[in-house]
Each structure stands twice: as C-alpha cells, then as structure tokens.
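Under the numbering used here, think of the first position of the sequence shown as 98, with each following residue one higher.
Following: one structure in structure tokens, then a few remarks.
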Amino acid sequence: MRSKELSVEPRDRIVSRHRSGEVYQNISAALKVPKNTVASIILIWKKFGTTETLPRVVRPAKLSNRG
Numbered sequence: 098m099r100s101k102e103l104s105v106e107p108r109d110r111i112v113s114r115h116r117s118g119e120v121y122q123n124i125s126a127a128l129k130v131p132k133n134t135v136a137s138i139i140l141i142w143k144k145f146g147t148t149e150t151l152p153r154v155v156r157p158a159k160l161s162n163r164g
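Right under this line is the structure:
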C-alpha cells in the first residue's frame, strides 16, 4: 500500500540538510522517512530544481470524442 505524499515543508527540510552535506541515512533517521524517499526527493530536486509537487503524467485517451 502506498503512503501519503510528503508536503512541501518536509521536502524542503530534506533538501536543505542535503545541501549542508548530510548523508541520506542521517536525513532519513532525523526526519523519520524512508531512505528511498529521501533519495527520490533529492533526485527530483536535482532534475527539476523544485520541491513542489509536479504534475502527473497522464496517459492520453484511447478514444476521442468526435461527435
């Protein structure tokens, strides 16, 4: 089962700790989030430069509404 999405504030804290040189394992233990979550948030931050929730990729409709 998937867990609830982290809000922007904890994501910002993760990124700020990473920028100060803290390792994933210490960030994970301090904020009580899984190490994979920390890694994912930092990867997205490095790729897109933001900790905001990004729009989801939605598969296009197979059929169109052509009157």
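Glycine is no exception: its CB is placed at the ideal position from the N, C-alpha and C atoms.
Does Arg116 pass the burial test, meaning 16 or more other C-beta atoms within 10 Å, or should it be called exposed? In the sequence shown, residue 116 corresponds to position 19, counting from 1. Result: exposed.
Can you tell which of Arg99, Asp109, Ala136 has its C-alpha closest to the C-alpha of Gln122? Position 25 of the sequence shown holds residue 122. Among Arg99, Asp109, Ala136, the Cα nearest to that of Gln122 belongs to Ala136.
Local conformation of Arg156 per DSSP, three classes: As a first step, residue 156 must be located in the sequence shown, where it is residue number 59. Note: Arg156 maps to coil in three-state DSSP.
Using the three-state DSSP reduction, which class does Val120 fall into: helix, strand or coil? The residue you call residue 120 lines up with position 23 of the sequence shown. Three-state DSSP puts Val120 in coil, outside helix and strand.
For the putative contact between Ile138 and Val112, defined by C-beta atoms under 8 Å, what is the C-beta separation to the nearest angstrom? By one-based count along the sequence shown, residue 138 stands at place 41. By one-based count along the sequence shown, residue 112 stands at place 15. Ile138 to Val112, Cβ: 7 Å. Contact.
Please say whether Leu128 and Arg99 have beta carbons closer to each other than 8 Å? Counted from its first residue, the sequence shown places residue 99 at position 2. Counted from its first residue, the sequence shown places residue 128 at position 31. For Arg99 and Leu128, no; Cβs fall outside 8 Å.
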